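In terms of UniProt numbering, the sequence shown opens at residue 1 and continues consecutively. Notes to accompany the following structure.
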Amino acid sequence: MEYNFREIEKKWQHRWVENKTYKVVEDKTKKKFYVLNMFPYPSGAGLHVGHPLGYIATDIYARYKRQKGFNVLNPMGYDAYGLPAEQYAIQTGQHPAVTTAKNIARYREQLDKIGFCFDWDREVKTCDPAYYKWTQWAFRKMFESYYDTAEQKAMPIARLIEEITAKGTKALHAACSEEIDVTPEAWKAMNEVEQQQLLMNYRIAYLGETMVNWCPGLGTVLANDEVVDGVSVRGGYPVVQKKMRQWCLRVSAYAQRLLDGLEYIDWTDSLKETQRNWIGRSEGAEVTFKVADNDTVLTIFTTRADTMFGVTFMVLAPESEYVAQVTTAEQEIAVLDYLDYVKKRTELERISDRKVTGVFTGSYAINPFTGDRIPIWISEYVLAGYGTGAIMAVPAHDSRDYAFAKHFHLPIVPLIEGADVSEESYDAKEGTVCNSPAEGKNTEFSLNGLSVKEAIAATKKYVAEKGIGRVKVNYRLRDAIFSRQRYWGEPFPVYYKDGMPYMIPEACLPLELPEIDKYEPTETGEPPLGHAKKWAWDAVNNKVVEKTLIDNKTVFPIELCTMPGFAGSSAYYLRYMDPHDNDALVAKDIDEYWQNVDLYVGGTEHATGHLIYSRFWNKFLYDYGVSCKEEPFKKLINQGMIQGRSNFVYRINNDDHNAAPVFVSLALKDKYETTPIHVDVNIVHGDVLDIDAFKAWRPEYNNAGFVLQDGKYTCGWAIEKMSKSMFNVVNPDMIVEKYGADTLRLYEMFLGPIEQSKPWDTNGIDGCHRFLKKFWALFYDNRTGVFLVNGDVPTKDALKSVHKLIKKVSSDIENFSYNTAVSAFMICVNELAQQNCHSRELLQKLVVLIAPFAPHIAEELWEILGNTSTSVCDAEWPAWDEQYLVENEMQLTVSFNGKARYQKTFPIDASNEDIQKAVLTDEKSLKYIEGKTVVKVIIVPKKIVNIVLK
C-alpha cells in the first residue's frame, strides 16, 4: 500500500472533528499546560506559508505535552476588528461584518487543512458581542477605579471620593494627570460636573487632551506603527500631529510593576530590554526655572541635576503649553511656522531623525543655580510626553543638546575637569567636577572636588532644601490612547450628561455596534458612528433609543468613538479559559486551574504594543482578583519570519513602447540592457519559467518574445519579504494539495531555528516529502503493498538508533530546536532502513515520536498497528534507556596520504597498536599499500587513521 497522503489527511481531519479529539475540559487530576499563539487578523488575502510557522511550532509542543500526560489548552480565535475591513467597506459599501465573516471562514478552512490541534469549541472573535461585552466590562471597571500609589494597586473610585471628602486631594496617594490641591470644603462646594471633572484626573480610564497621529484622509487616529514617512500605511494619506480629547488608559501608573514583573518571566533578554527601555525608568529631580519678565515658571526633569552649572539654554517640546506662554510677539510668526512643520512629523520620526531643527521663542529663563539668563528655544527633539515637555540643555554633556548648540551657535560649557568639548566626547563620565559658579552667584553651593555620583546626590539634596524642585522618579512610558474615530471596533459603554461621561450599567452590556449606512466620518467631522440613527441612551429605561429622542434629561448621546485594536487582544487569553460564561470574564475556579499562559508565541513587532498593554490589563484584573496571576505569559518565543524567494524575468529595454516585450534568460541577460521584473513564483518551477502560464498571467505579456538558454527560460531570484507586491507569496493550500499537510509542517520546521528568519524555497520541500515516503516504507513495501511490520526482537543497532532518537527529539522539542529534531528523524529512518528493521516494538515508538510533527501519517500508522480505540495524541511519550546509548564501538575513517578511502569499526577501548594492526592487515588497505612503503601511521583518537606511504 503506497503513502496516499490526500486520503489519509482528509480521513483524519474528519475523524478528529467527529471524535472531538481536541476538545479540552478542566481536569484537576492532570497537570495543566496552556499554549497560545498571538491570534491573527483575518485578512482577505488568507494565509501564506509564513503565517503558520508559529502555529506549527506551538502545535508540536502542545501535542508533545499532551503525550507527556498534561491537560493541554491550545485555543485559536480571531482579532476581527480593524481598519482594513472598514476601508474595504468604504470602497464597496459591504458591511465589515460580512467581509470579516468571509475572511474568518477562509482562515478556518486553511488552518484545518494543516491539521492543528486547536479546541475550536473555545474559538473567540473580538467582533462578537458576547466577547466584547467583557472588554466593555473591563473598561467600565477601569473608569470606576484609580491607582493607589501606597497600596500599589487599583482601587474603587468610591474609596477615593471618601478620602477627598474627608481630607481633600493634597493627602491622596493616587496616580494622576496633574497634582492639584482641593480642600474637603472646596470639594463639597462643587457641583456634580465639577466633581466629575476633578475625578477624571485620577481615573484609570479617563478623558484627556493628548497629541495624536491624525489622518484626515482616513478620518481617524493612527498608532505610530500605522504611519511611515508622514503618511498612513493604509492608503498613503498624510498624517499630522493634533491635540485631541481622547479616552486614555493610565498605563503609566503600572510602570514600576511592569518593570518588576520582567524579572519573573521567561522571555528573551533582548525582548525584556526592549520593554525596559520603553518603560524608561529614570531617577532625578524636578527643578523650576522662572521666566524673565514673565510670570511663567518652567518645570524640567533631569537625571543630572549636577550639570545645572552647564545649562546654556532651554528647549520646549512643540506641543508644550509653555510655548504659548513664553513666545514673544516678535517671534510669533516664526514659532507658528515651525509648529506647522512639526505637525506633519510623527513622534517616531522625531525620535529617529537626527537632523537639527528649532526656533527661538524670544524669551529667557533664569538659571536657579547661576542667576544667568538663558534663551528658551522650541525643538522637535523634545517630546511632550516625557518629563514635563521642557528640558534644560547642557550641550557639553548631551549629544542632541551639543548638536543643537553647534547648529544654532549657542554656548557650550564643560563641567568635568579635563573634558574635551567635542562631538566625540559629549558624555559626562565619572570624574571630578571642577566648575565653580560665576563669582558672586550662588557662592553658598559648590560641587568642586566631588565625583559625579556625589555631585548628583548633593545637587538633588540642595534642590529639595531650597524649594526650587524635588527628587522624583520618572518614566518614559505613556498612557495609552484608547479612542479611535472608526466604525469597526468595540463601542464604548459610555453616554454623556452635561458633557461628562457616565457608564452604561453593567447589566446592560454588551452595548452592541449599531448599523450605519456610511462608514466615513460625517459631514460635520464626527466619527462614523455619527451616522447611526439609533444611538442614544435612555437612562430611565436603560436601553438604546433613537437619537431624535435626546433631551439631555433622561435620554443622552452615546460615545461616537470606538476602542482600538489592542482592546480586544489585551485579555483574550483569559476568555479562552471560559469562553461561554455569560456571568464572568472567567470563572474563578477555572482561572485558578489554567492560571496563565505557559507558552506564548508571536512576532517581535508586538514588544512595545500588545505585550505592554496585555501585561497592564492583566495586572489591573489581578488587582481585583479576576486573574489569579499577575503576569499573563510565563514563557514567550518570538518566531522568525519566513521570507519569500522572489523570481525575476529580464525584459530587454526598447524605446518602441508599442513593440511586444522580449525577455532574456538569466545567463544571457548581460548581453543586453534589461529591466528586472518580479514574476509570480507559482508559475516558476526550479527557477524555470512556465512560458505559457507567464503569457496568461498578464495580458500585456501575451505576445511576448523570449531569448532562451538551452531551450528554456531561467529566472533570477532573491530573498525578500513575502509580499503580494513581489509576487512571492506561496499559498499553503497549494503545498498541502501537492505534498500534504504533514510535509508542510515538517518543512517549515526543517527550514531553521524557530526564532530566526529564513527563506522559503519550494525547491527544497521534496526532501521532506521523500522522507515521509521512506518513513511509510518501514511499514509497507511500496511496490508490493506487503505489510512489513513483524514481531522480531529488535537488534542492538536498531535499539540504539531509536533510543538515540527518543533522547534527541525529547530534548529538541523542550528547547524548540525543531529543525534538528527533523534531521534526527531523517537519520534514524535511514539507519532503520539500512538495518532492514521492521520491529513492531520500535516502529510503534517511532510513530508516537513523529506524531507532534506529522500527526496525520502518525494517526494512520497508529491505527494500522492495531490501536483502534485510542488516538496517537494520547499515546504515552516513550522514554529512552541509557543502556542502549552506551558507545561500545567507534567508527574511524581510514586515509592514505590524506585521502579518505573507507571506514572501519573498532571496539571503543581498542588500543592504537590494535587499530594499526587491523588497518594494515585489512584487505581493503592492501591494494593502496601494494608496491609502496608505509612511512608512518597517524591515529587521531575516535576520528581518523592516516597511513603515510612512499
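Virtual Cβ for every residue (Gly too), placed ideally from N, Cα, C. As the structure is a computational prediction, the values presented were derived from the model and not from experiment.
DSSP state of Phe-775 mapped onto helix, strand, coil: helix
Per DSSP, the bridge partner or partners of Gly-752: Bridge partners of Gly-752: none, in fact.
Straight-line gap, Ile-652 to Ala-704 (C-alpha atoms, nearest Å): 11 Å
In whole angstroms, what separates the C-alpha of Ser-817 from that of Ala-62? Distance between the alpha carbons of Ser-817 and Ala-62 is about 15 Å.
Can you tell me whether Gln-13 is buried or exposed, with buried defined as 16 or more other CB within 10 angstroms of its CB? If you draw a 10 Å sphere on the C-beta of Gln-13, you find 16 or more other C-beta atoms in it, and that means buried.
In its own chain, which residues sit with a C-beta less than 7 Å from the C-beta of Ser-483, not counting the 5 before and 5 after it? Val-221, Gln-246, Trp-247, Cys-561
In this structure, does DSSP put Trp-880 in helix, strand or coil? Trp-880 falls in the coil class under three-state DSSP.
Go ahead and pull the three-state DSSP assignment for Arg-250. Looking at Arg-250 - three-state DSSP - the assignment turns out to be coil, as it is neither helix nor strand.
Across which residues does DSSP place Trp-717 in a beta bridge pair? Asn-647
Here's the rule I'm using: 16 or more other beta-carbon atoms within 10 Å means buried, otherwise exposed. How should Tyr-341 be labelled? Exposed, since its Cβ has fewer than 16 Cβ neighbours within 10 Å.
Spatial neighbours of Thr-675 within its chain, please: C-beta separation below 8 Å, excluding the five flanking residues on both sides. Tyr-650, Arg-651, Asn-653
Check for me: the alpha helix (DSSP H) holding Glu-923 runs from which residue to which? 923-929
Alpha-carbon to alpha-carbon, Ala-567 and His-580: Each residue's Cα considered, the two are about 19 Å apart.
Can you give me the C-alpha to C-alpha distance between Asn-897 and Val-948, rounded to a whole angstrom? Whole-angstrom Cα-Cα distance: 5 Å.
Within the continuous alpha helix (DSSP H) that includes Pro-129, where are the two ends? 129-143
Residues near Ala-317 by beta carbon distance below 6 Å, same chain, minus five either side: Excluding sequence neighbours, Ala-317 sits near Val-382, Leu-383, Ala-384, Gly-389.
On the three-state DSSP scale, how would you describe Ser-425? Only weak support is given to the placement of Ser-425: the predicted model assigns it a pLDDT of 44, under 50, and the value that follows is read from those uncertain coordinates. Helix.
Please report whether the beta-carbon of Asn-37 lies at a distance below 7 Å from any beta-carbon of chain B. The structure shown contains no chain B, having only a single protein chain.
Using DSSP with H/G/I as helix, E/B as strand and the rest coil, what is Asn-541? coil
Apart from the five residues just before and just after Asn-728, which ones in its own chain have a Cβ nearer than 7 Å to its Cβ? Gly-644, Arg-645, Ser-646, Val-681, Glu-720, Met-722
Measure the CB-CB distance between Asn-474 and Ser-270 and report whether it falls below 7 Å. Ser-270 sits away from Asn-474, with the two beta carbons spaced by 7 Å or more.
Taking only three categories from DSSP, how would you classify Arg-575? In this structure, Arg-575 counts as helix in the three-state DSSP scheme.
So, at 6 Å on beta carbons, what are the nonlocal neighbours of Ser-425 in its own chain, with the 5 sequence-adjacent residues on each side left out? Residue placement at Ser-425 is poorly supported in this model, since its pLDDT is 44, which falls under 50; the coordinates still yield a value, given next. Once the five neighbours on either side are set aside, Ser-425 has no close Cβ partner at all.
For His-407, report the span of its alpha helix (DSSP H) as first-last. 399-408
With H, G and I counted as helix, E and B as strand and the rest as coil, what does DSSP make of His-685? strand
In the DSSP assignment, the alpha helix (DSSP H) including Glu-347 goes from what residue to what residue? 347-352
How is Thr-675 classed by DSSP in three states: helix, strand or coil? Three-state DSSP puts Thr-675 in a strand.
Helix, strand or coil: how does DSSP classify Asn-912 here? In the displayed model, Asn-912 falls within a helix according to three-state DSSP.
Output needed for Pro-941: all residues of its chain with C-beta closer than 8 Å, excluding positions within five of it in sequence on either side, in chain order. none
Between the Cα of Leu-111 and the Cα atoms of Pro-96, Ala-85, Gly-54, Lys-141, which residue gives the shortest distance? Gly-54
Residues that Val-228 bridges to, as DSSP identifies them: In DSSP, Val-228 forms a bridge with Val-231.
Between the Cα of Val-287 and those of Ala-97, Gly-208, Met-392, spot the shortest distance and give me the residue it belongs to. Met-392
If you draw a straight line from the C-alpha of Lys-770 to the C-alpha of Tyr-487, how long is it? Just to set this straight, residue 770 is Arg in the shown sequence, not Lys. Their Cα atoms are separated by approximately 50 Å.
Which stretch, first to last residue, makes up the beta strand (DSSP E) that contains Ala-659? For Ala-659, no beta strand (DSSP E) segment is defined, and its DSSP state is neither H nor E.
Straight-line gap, Ala-154 to Tyr-147 (C-alpha atoms, nearest Å): 4 Å
May I have the straight-line CA-CA distance separating Asp-591 from Cys-628, to the nearest angstrom? Roughly 7 Å separates the two Cα atoms.
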